[in-house]
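Chain order of the listed sequences is A and B.
Counting from 1, position 114 in the first sequence corresponds to residue 113 in numbering that gives the first Met the number 0; the numbering is continuous, with no gaps.
Counting from 1, position 33 in the second sequence corresponds to residue 32 in numbering that gives the first Met the number 0; the numbering is continuous, with no gaps.
Idealized CB from N, CA, C, for every residue including glycine.
Reviewing the structure listed below.
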Amino acid sequence: MAVAQAAAARGLELKRPSAIPGFGLALGFTLTYLSLIVLIPLAALVLKSATLGFEGFWNIVTGARTLAALRLSFVTSLVAATINAVFGVIIAWVLVRYRFPGRRLLDAFVDLPFALPTAVAGIALTVLYAPNGWIGSLLAPLGIKVAYTPLGITIALIFIGLPFVVRTVQPVLEELDRELEEASATLGANRRQTVFRVMLPSLLPAILTGFALALARAVGEYGSVIFIAGNLPFISEIAPLLIIIRLEEFSYPQAAAIGTAMLLISFGILLFVHLVQAWQRRRFGHD
Amino acid sequence: MTDAAIAPLLVSESRGSLVTTEKLPVRVILITVAVVFLVLFLLLPLAAVFVEAFRAGIGAYVAAITELDALAAIRLTLLVAAIAVPANIVFGLAASWVIAKFEFKGKSVLNTLIDLPFSVSPVISGLIYVLLFGAQGYFGPYLQSHGIQIIFALPGIVLATIFVTFPFVARELVPSMQEQGTQEEEAALSLGASGWKTFFKVTLPNIRWALLYGVVLCNARAMGEFGAVSVVSGHIRGKTNTMPLHVEILYNEYSFAAAFAVASLLALLALITLVIKIGLEWRYADQIAASRRH
């Protein structure tokens, strides 16, 4: 409380004069709430890992089982985000550029993974891809096993990440200047050259941002994955699940260390997004 | 001008429609790819929820969602949302008021911090409260000696839910309030209205659709959150099980029809959320600045 009030008082000095009232109260409440709900609890996580010392932290994070879980989470997320980047761009392109029956409905459905609770998505994907499921039974004769393997994890992460790419690329594509395409065509480029050498480069920052957002979400995803994953240590055990297992063993420092490692990974990804956007502003002069 | 000079112009004119779009076969292929991908990855899972829910018949469906533990889970989910959503509404209003109406140092940092919970894994969102309030957490011994239970009880579930839904209202309100500017408030104040009256009569009506938009998204996530709540709940049947956790328990007990029956209620909530969201986006696109913002 005292910290928030002090910060509020400091903010008061540093704020530009205004006729609007309520700055102190609103800022005080905002900072108090933010500190109590977000900052202090996250600080507890970092503090708990810090008690391990760097060596202790490093030993836990690079322990065979933890490393396998982190690697699995990251690799499946990377594959899913890449697939989403490709198909997300196609979907955004189709939704923005073409007119066909059912387009608006399809557009609306893209947000489904944002709205559908992850546990519901998880059990639905599992019954679909289980060996006796609608899709699983078609793949089983081909020798392809999806549910309870890393492939299943990837499928769940594709589901959860798709809207990030579509919704990031869509508005940029909508505002893309048609005159550029016309100019390119006038200068003798064929359509493929125009798309790949004129349009896609301008979409690239948005695609990278969507890719990174989908990746960041996928690395930490739990609900939609655990049902389809199989959860075998070293094979199909994701990092968030390992945190829960460590908590159930009351190994709080272990859980905190894995959590901190994951937090660092997602902040690294977000830093990447930030850099991409800065680069985009420099290169294109807008965002 | 001779005909020979015009001819090349006519040719390029007739190709004009193709210059900024693709050939028909390419268009058809791309539309097919998009539709197949969306049906396969989004529509089919949704359909599976409802098909599996009714697989054992209407009677079993009704029995599953009116069973005592299911009703307790529904009640708890509604209760948690009824606490978490209003808390985040008050925060969203305060934060957007500060960020949109004033210029001060550290504003962009504050803006960034508000989005922070979105980049934290749901499991970590639960973990941090266990580290604080769990039996071996920082405040665990104190809470235990005073008989206060936060983890494996309602307060923990509410805290974790508030954390994961933290940015929803604020991130919709900030751009909306920024677009409104401060002129209307300044006019009301100069005419003698009090600060609170200005807020309720001038500011709030201007941002009501953006607020509703944020609240709908916040509520959907609050009722559907699984990972964070799973960590802090303790899974006590009939007591600390929310609907998504109840779905998990039923599923792990191989009561598939019952699991999908409860899941279908959550899927219905998702569909209602989507309909309201899209309705708001179409109708009040100008007032919901955030709907197309990234």
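Item, Value
"B:I113 versus B:T160 - alpha carbon distance", "15 Å"
"Interface partners of B:A256 on chain A, CB under 8 Å", "Those within 8 Å of B:A256 in chain A number zero; the least Cβ separation is about 11 Å."
"Residues of the stretch 137-168 of chain A whose Cβ lies closer than 7 Å to any Cβ of chain B, in chain order", "I157, F158, L161, R166, T167"
"Three-state secondary structure (DSSP) of A:L15", "The question names Leu, yet the displayed sequence has Arg at residue 15 of chain A. DSSP places A:R15 in coil when its eight states are reduced to three."
"For B:F40, the first and last residue of its enclosing alpha helix (DSSP H)", "Where B:F40 is concerned, there is no enclosing alpha helix (DSSP H), given that its DSSP letter is neither H nor E."
"Contact between the stretch 122-142 of chain A and the stretch 38-57 of chain B (3+ Cβ pairs under 8 Å)", "yes"
"Chain A within 8 Å of B:G223, Cβ atoms only", "yes"
"A:W278 at chain B interface by Cβ criterion, 8 Å", "no"
"Test: A:V93 CB closer than 8 Å to a CB of chain B", "yes"
"Chain-order list of residues whose beta-carbon lies under 7 Å from that of B:I88 (same chain, five-residue window excluded)", "V168, V214"
"Closer than 8 Å to chain B by CB, A:A260", "no"
"Below-8 Å beta-carbon distance, A:G135 vs any chain B residue", "no"
"Reference B:A94, options B:I82, B:P166, B:F53, closest by Cα", "B:P166"
"Reduced DSSP category for B:K238 - H, G, I as helix; E, B as strand; rest coil", "coil"
"Helix, strand or coil at B:H245 according to DSSP, with G and I counted as helix", "helix"
"Supposed close pair B:A227, B:V163 - CB separation, criterion 8 Å", "5 Å"
"Beta-carbon neighbours of A:T50, restricted to chain B and to distances below 7 Å", "Those do not exist, as A:T50 stays about 11 Å from chain B at its closest Cβ, beyond 7 Å."
"Cutoff 8 Å: B:I64 Cβ touching any chain A Cβ", "no"
"Endpoints, the alpha helix (DSSP H) within which B:P166 is located", "165-179"
"CB-CB length for A:V85 against A:A256, believed under 8 Å", "With a Cβ gap of about 35 Å, A:V85 and A:A256 do not count as contacting."
"Contacts that A:T75 makes with chain B (C-beta to C-beta distance below 9 Å)", "Going along chain B, no residue has its Cβ under 9 Å from A:T75, so there is no contact; the nearest lies around 14 Å."
"Near-chain A residues of the stretch 111-129 of chain B - C-beta to any C-beta below 8 Å", "L112, I113, L115, P116, S118, V119, S120, P121, V122, I123, L126, I127, Y128, V129"
"DSSP-derived helix/strand/coil call for A:P100", "coil"
"Near-chain B residues of the stretch 110-137 of chain A - C-beta to any C-beta below 9 Å", "D110, L111, P112, F113, A114, L115, P116, T117, A118, V119, A120, G121, I122, A123, L124, T125, V126, L127, G132, W133, I134"
"B:P121 beta carbon less than 8 Å from that of A:G219", "yes"
"Where the alpha helix (DSSP H) containing B:F138 begins and where it ends", "Looking at the DSSP string, B:F138 is not in any alpha helix (DSSP H), and its letter there is neither H nor E."
"Same chain only: Cβ atoms within 7 Å of A:P232, ignoring 5 sequence neighbours per side", "R64"
"Where B:P85 falls, given that 16 or more other Cβ within 10 Å makes a residue buried", "exposed"
"Collapsed DSSP secondary structure at A:N131 in the structure displayed", "coil"
"Rounded C-alpha distance that separates A:D106 from A:R166", "10 Å"
"Residue interval of the alpha helix (DSSP H) (run including B:K106)", "106-114"
"Residue closest to A:L214, alpha-carbon to alpha-carbon, out of A:G101, A:L77, A:D176", "A:L77"
"B:S193 classed as buried or exposed, judged by whether at least 16 other C-beta atoms fall within 10 angstroms", "exposed"
"Of the residues A:L94, A:F22, A:G121, A:I39, the one placed nearest B:K106, counting alpha carbons only", "A:F22"
"For A:V109 and B:L23, the rounded distance between their alpha carbons", "24 Å"
"Inside the stretch 49-104 of chain B only - alpha helix (DSSP H) runs reaching at least 4 residues", "57-65, 67-100"
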